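Reading through the structure tokens given below for one structure.
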Amino acid sequence: MAAFVYGADMYQYPVPPPPQDDSGATTSMVLGILGLVLCGLLSPIALFMGMSAKRRIRESGGYIGGEGNATAGIVMGAIGTAFIVLGLVFVVIVIIMAAAASQSGTG
1 MAAFVYGADM YQYPVPPPPQ DDSGATTSMV LGILGLVLCG LLSPIALFMG MSAKRRIRES
61 GGYIGGEGNA TAGIVMGAIG TAFIVLGLVF VVIVIIMAAA ASQSGTG
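Take the sequence shown: its position 25, counting from 1, is numbered 25 in the numbering used here, and each next residue is one higher.
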């Protein structure tokens with residue numbers, strides 16, 4: 001009967017550390033949050049940085065992590081960018097309606 005030595009085989013093959021998160025993914029997520037909450041002009045930057053980070057993560061072959069942060073940055077950046085576009089469309093419609101009303105003489 002072989003004697004069991006606690007911990008002898010437990011650490012024979014060390015577990016590799018989890019991959020380091022891509023800094024662009026984290027930055028994208030933070031900019032996405034700030035774009036939705038404070039300044040909408042940060043949203044397109046978050047969208048671009050998230051897509052760039054996701055490409056770097058995919059190309060790293062598992063050496064870089066943070067895909068969830070990049071996805072969150074992409075989603076929040078897309079939502080914030082859509083709000084910017086909708087706001088610009090609204091402003092253009094209001095200007096067109098004001099110009100049409102002033103030309104018809106009912107200003």
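No residue lacks a Cβ here, since even glycine has one placed at the ideal position from N, Cα and C.
Just so you know, these numbers come straight off a predicted model, no measurement behind them.
Enclosing alpha helix (DSSP H) for residue i [first to last residue]
i     : result
Pro44 : 43 to 59
Leu88 : 67 to 104
For residue i, three-class secondary structure by DSSP
i      : result
Gly62  : coil
Gln20  : strand
Gln141 : Given that the chain is displayed from residue 1 to residue 107, the structure contains no residue 141 and the question cannot be resolved.
Leu38  : coil
Given residue i as reference, the closest of the options once Cα atoms are compared
i     : options                    : result
Arg55 : Leu36, Val89, Ala70, Ile45 : Ala70
Val75 : Asp22, Cys39, Leu31        : Leu31
Leu36 : Gly62, Thr26, Thr81        : Thr81
Phe48 : Pro19, Ala72, Gln20, Ile64 : Ala72
Ile84 : Thr26, Tyr63, Thr27, Gly40 : Gly40
Supposed close pair residue i, residue j - CB separation, criterion 8 Å
i      : j     : result
Ser104 : Gly77 : That pair is no contact at about 41 Å.
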